[in-house]
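Have a look at the structure below before the remarks.
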Amino acid sequence: MRTLLYADDISRALTRISHEIVEANKGTGDLILVGIPRRGTLLAHRIAATISRIEGVDVPVGSLDVTMYRDDLSRQPARAPQPTEMPVAGIDGVTVVLVDDVLYSGRTVRAALDALNDHGRPRAVRLAALIDRGHRELPIRADYIGKNLPSAKHERISLRLEELDGVDEVAIGSVDDPSLAQAPARVRATAPEATA
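Residues 1 to 196 (the UniProt record's numbering) make up the sequence shown, in order.
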């Protein structure tokens, strides 16, 4: 496993994404952030907090589970569905920024678009991803990217966040590397040692 981004790098990337979202939307009016659980939702909350510091307004944040909308359920390990929580005002007629941690094949985003349609009709949908690793299988691209990290298909990119894993970092390694598996929530008491 090799660490590619540390806490400061992640913070800078999220700050840049926050500024880009505000600039592209000409402010925060009619803007909602919707994270794809688990890490996408945590990133959406961090982006909302940064936008609040920049603009002095709170941006609504939701969480959108896409588990049952995926087209690759038979190929992936079983996942427990996560809660979907939409802002009380709904998503009709507003700009929704979907927030995901790592953009790879595009299948999660496609599932998110299908799931989002079941909750209303936004004026526009944009995509923010902390990491874009390439290898798209569908014609999907992010509007806001924290970092482009090209990788081989036999590699895994893992985002760890303080809230779940005790540390903020992005690491890369073999798909067989057990240290890159996403940790269950709040299991890790200390941050793993950095490797060179």
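Beta carbons: idealized from backbone N, C-alpha and C, even for Gly. Computed from a predicted structure; not experimentally measured.
(request) Check whether the Cβ atoms of residue 116 and residue 99 lie closer than 8 Å to each other. (result) Walking along the sequence shown from the start, residue 116 turns up at place 116. Walking along the sequence shown from the start, residue 99 turns up at place 99. With contacts defined by Cβ atoms closer than 8 Å, residue 116 and residue 99 do not form a contacting pair.
(request) Compute the distance between the beta-carbons of residue 172 and residue 2, then report whether it is under 8 Å. (result) Here the question's residue 172 lines up with position 172 in the sequence shown. Here the question's residue 2 lines up with position 2 in the sequence shown. Taking 8 Å as the Cβ cut-off, residue 172 and residue 2 qualify as a contacting pair.
(request) Quick one: residues in its chain with C-beta nearer than 6 Å to the C-beta of residue 183, no 5 flanking neighbours on either side, listed in chain order? (result) Position 183 of the sequence shown, counted from the first residue, corresponds to residue 183. At residue 183, the pLDDT of 44 sits below 50, so the modelled position is not reliable and the matter cannot be decided from this model.
(message) At the level of alpha carbons, what is the spacing between residue 48 and residue 67?
(response) In the sequence shown, counting from the first residue as 1, residue 48 sits at position 48. In the sequence shown, counting from the first residue as 1, residue 67 sits at position 67. For residue 48 and residue 67, the distance between alpha carbons rounds to 24 Å.
(message) Which runs of the alpha helix (DSSP H) at least 4 residues long sit entirely within the UniProt domain "Phosphoribosyltransferase" (10-149)? Give them in chain order.
(response) Fully enclosed alpha helix (DSSP H) runs of 4 or longer: 39-55 and 107-117.
(request) Express the C-alpha separation of residue 63 and residue 80 in angstroms, rounding to a whole number. (result) Sequence index remark: in the sequence shown, residue 80 carries index 80 (1-based). Sequence index remark: in the sequence shown, residue 63 carries index 63 (1-based). Taking the straight line from one Cα to the other gives about 15 Å.
(request) Return the bridge partner residues of residue 173 from the DSSP annotation. (result) Translated into the one-based positions of the sequence shown, residue 173 becomes position 173. The partner list for residue 173 (beta bridge, DSSP) reads 156.
(message) Is the separation between the beta-carbon of residue 65 and that of residue 84 shorter than 8 Å?
(response) Position 65 of the sequence shown, counted from the first residue, corresponds to residue 65. Position 84 of the sequence shown, counted from the first residue, corresponds to residue 84. Taking 8 Å as the Cβ cut-off, residue 65 and residue 84 qualify as a contacting pair.
(message) Just to confirm my understanding: we take residue 124, look at its own chain, exclude 5 residues before and 5 after, and list those with CB closer than 6 Å. What are they?
(response) Your numbering for residue 124 matches position 124 in the sequence shown. Short of 6 Å from the beta carbon of residue 124, and not among the five residues preceding or following it, lie these beta carbons of its own chain, in chain order: 95.
(request) For residue 137, count neighbouring C-beta atoms within 10 Å of its own C-beta (all shown protein chains included) and say buried if the count is 16 or more, exposed if not. (result) For the purposes of this step, residue 137 is identified with residue 137 of the sequence shown, where counting begins at 1. Exposed, because fewer than 16 other Cβ atoms sit within 10 Å of the Cβ of residue 137.
(request) Could you check what DSSP says for residue 161 in three-state terms: helix, strand or coil? (result) Counting from one through the sequence shown, the residue named residue 161 turns up at place 161. Coil, per DSSP.
(message) Using C-beta distances below 6 Å, list every residue in its chain close to residue 90, excluding the 5 sequence neighbours before and after it, in chain order.
(response) Along the sequence shown, read from residue 1 onward, the residue named residue 90 stands at position 90. The beta carbon of residue 90 sits closer than 6 Å to the beta carbons of 120 from its chain, once the five residues preceding and following it are set aside; these are given in chain order.
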